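Following: one structure in structure tokens, then a few remarks.
Numbering (our numbering), first residue to last: -7 to 324.
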């Protein structure tokens, strides 16, 4: 049997049951693919259901305010994805049917455009994600294949007379469940007879070594009348809300501007794609009016900060939690 026949037979027998599998609605396929850009499958499933329950169509997404879209995305992280989905919905009334046109839309790179084009519209185009890169690198024993080389290899494997979307999913499924980054299940691989990298899988592809810089920040949690002071964030968390976040050396000036004398509460660590954040959390009573943070879209980092800060402020007698035993400062 040819490689393509072997892999498709394996996929049809072993494919995981996922909520977007077999889906032909272009919008639903798009939502799943955008979620899966930076989120593992198990984590993506509940967000997929939640997002589509609130925005079941492209029209519903177009008519919603961005803040509501970000709130529905909360917890999935990498909020720029949700922002781009919202921008895309403003740009078109229906998704274009070709790979070339899909690539022109906000937030759709070559992989996502190819996935939607092949899965929703049956276009014969290869979709190369991280899983497919790993499978192809091992299959053809390529240590450092370029994106152009990978696209050529993937395009050359597209089978004639088969659903290109199903083929793309089969390659991705192999990488996700068998051809793993570490400890691949080579004896169980349906393509072991075709694999040139067998026996030296750790060489293909060669690991990308990079230093991940650490950034030190401070977070200021201010408890005022009615809740926490929140502000609209910019930069990496653009469009979301949070407590003030700033370089550590600015703490004195920020505290003075708010008229508070904050106390140190805890430290939070948070990993982003290309950076690690170490955040010292400070808290204080504040004379202004706060709000319930649950009503706003918050980045995961701010959720972590509040998760550390609020219980400590409660037990210090600052935040009026019903299960806390306040002492010292009278809660507002």
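Cβ atoms here follow ideal geometry from the backbone N, Cα and C, with glycine treated the same way.
What you are looking at is a predicted structure, and each value in this text was computed from that prediction instead of being measured.
Counting along the chain, residue 94 sits inside the alpha helix (DSSP H) bounded by residues 91 to 94. Residue 243 is positioned such that its CB atom lies no closer than 7 Å to that of residue 233. As computed with DSSP, residue 277 is found in a beta bridge with 215. Following the DSSP letters along the chain, one finds residue 263 in no alpha helix (DSSP H) but inside the beta strand (DSSP E) bounded by residues 255 to 263. Distance from the CA of residue 250 to the CA of residue 224, rounded to the nearest whole angstrom, comes to 16 Å. Here residue 156 really is in contact with residue 116; their C-beta atoms are around 5 Å apart, less than 8 Å.
The DSSP-derived three-state label of residue 84 is coil.
Minimum Cα-Cα distance from residue 46 among the listed residues 245, 239 and 63 corresponds to 63.
In this chain, residue 43 is not harboured by any beta strand (DSSP E); it is covered by the alpha helix (DSSP H) spanning 33 to 46. Taking a C-beta distance under 7 Å as the contact criterion, residue 124 and residue 22 do not qualify as a contact pair. The Cβ neighbour count for residue 52, taken over all protein chains shown within 10 Å, is under 16; the residue is labelled exposed. The alpha-carbon of residue 229 is positioned some 11 Å away from that of residue 75. With respect to residue 54, residue 81 sits close: the two C-beta atoms are nearer than 7 Å.
Going by beta carbons, residue 292 and residue 210 fall outside the 7 Å limit. For the 7 Å CB-CB criterion, residue 261 and residue 267 do not form a contact.
By the neighbour-count criterion, in which 16 or more other beta carbons inside 10 Å mark a residue as buried, residue 104 falls on the buried side. For residue 128, the uninterrupted alpha helix (DSSP H) run begins and ends at 122 to 131, by DSSP. Taking the Cα positions, residue 241 is about 10 Å away from residue 208. Where residue 238 is concerned, the enclosing beta strand (DSSP E) starts and stops at 237 to 239.
With a cutoff of 7 Å on beta-carbon distance, residue 305 and residue 275 are scored as near each other. Within its own chain, the residues whose Cβ lies closer than 7 Å to the Cβ of residue 246, once the five positions on either side in sequence are excluded, are 212, 236 and 238, listed in chain order.
Taken through DSSP and simplified to helix, strand or coil, residue 210 comes out as strand.
The secondary-structure analysis by DSSP pairs residue 224 across a beta bridge with 233. When DSSP states are grouped into helix, strand and coil, residue 175 belongs to the coil group. Going by C-alpha positions, residue 65 is about 10 Å away from residue 72. Under the DSSP assignment, residue 4 falls in the alpha helix (DSSP H) whose first and last residues are -5 to 6.
The beta carbons of residue 216 and residue 278 sit closer together than 7 Å.
Between residue 171 and residue 126, the C-beta gap is smaller than 7 Å, which places the two residues in contact. When DSSP states are grouped into helix, strand and coil, residue 141 belongs to the helix group. When the beta-carbon positions are compared, residue 182 and residue -1 come within less than 7 Å of each other.
When the Cα atoms are used, residue 110 and residue 300 turn out to be separated by approximately 45 Å. Following the DSSP letters along the chain, one finds residue 20 inside the alpha helix (DSSP H) bounded by residues 18 to 28. By the criterion of a C-beta distance shorter than 7 Å, residue 173 is surrounded in its chain by 126, once the five residues flanking it on both sides are discounted. Distance between residue 69 and residue 130, taken at the CA atoms: about 31 Å.
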